[in-house]
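Here the structure comes first, spelled out in structure tokens, and everything after it is commentary.
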């Protein structure tokens, strides 16, 4: 009775030991794979950390470069605004000079027309052509006897022919002196206008040359542009350089100068 029971118990114990051994042997193989996977993952993490550090360094360098470019862009914009303000101020001065030149030119033309009318007027030139000798002071003054009526005779007596001739002579002398004075005064006005015109032209030409030299000296190559930087507006040439290179304006200035020289020559010979 005891032997079958013991046999069955040993069979049960052997069956119980076999699964435990199989169960302990099966998980040993995935543990090696897990270790390899963990090593592989650790290597990947280390490489990713290195790449991340390198990318962070590149990002910092790019940020510094962007800040420098933005600062350069702001400085260039300020310089461009200052240049625009200087150009507007220069244009205002040029407009004022043009208006002044036009006013002086009109004044010179008006004076030239007045002088031409005086030359063409025969009424004013006829007394000036005969140069009469200047009489002395005692002979030019009519005597009191010629002007006052004779009380001895009845009624008032008309002046004699000699006193009338002296009156005409005195009137012609006064008229001649007055015309000479007026001619000298107009000549002085013309000379003053011509001097002002010459000074205005010289000042205008000197300013144009100075502005053109400053504009050429201020032109310098800018810093190298970056792809991320906004493109700046194209450089516009200075108005002073355009005015200097404009043949129409140079021809107008040459014409006005030639007219002014001819006018001065006529004034000197007259």
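Residue numbers (my numbering): 35 to 304. A virtual CB, placed ideally from N, CA and C, is assigned to each residue, including glycine.
Whether residue i touches residue j by CB criterion (8 Å)
| i | j | result |
| --- | --- | --- |
| residue 142 | residue 227 | yes |
| residue 150 | residue 220 | no |
| residue 125 | residue 245 | no |
| residue 139 | residue 290 | yes |
Expected contact under 8 Å - CB spacing of residue i and residue j to nearest Å
| i | j | result |
| --- | --- | --- |
| residue 134 | residue 297 | That pair is no contact at about 18 Å. |
| residue 231 | residue 294 | 6 Å |
Residue i Cβ short of 7 Å to the ligand FAD heavy atom set
| i | result |
| --- | --- |
| residue 145 | This structure lacks the ligand FAD; in fact it carries no ligand of any kind. |
Those runs of the alpha helix (DSSP H) which lie wholly inside the region 123-161 and span at least 4 residues:
DSSP runs (the alpha helix (DSSP H)) wholly in the region 123-161: 156-159.
Note down, one range per segment and in chain order, each beta strand (DSSP E) of at least 3 residues found wholly within the region 95-127.
none
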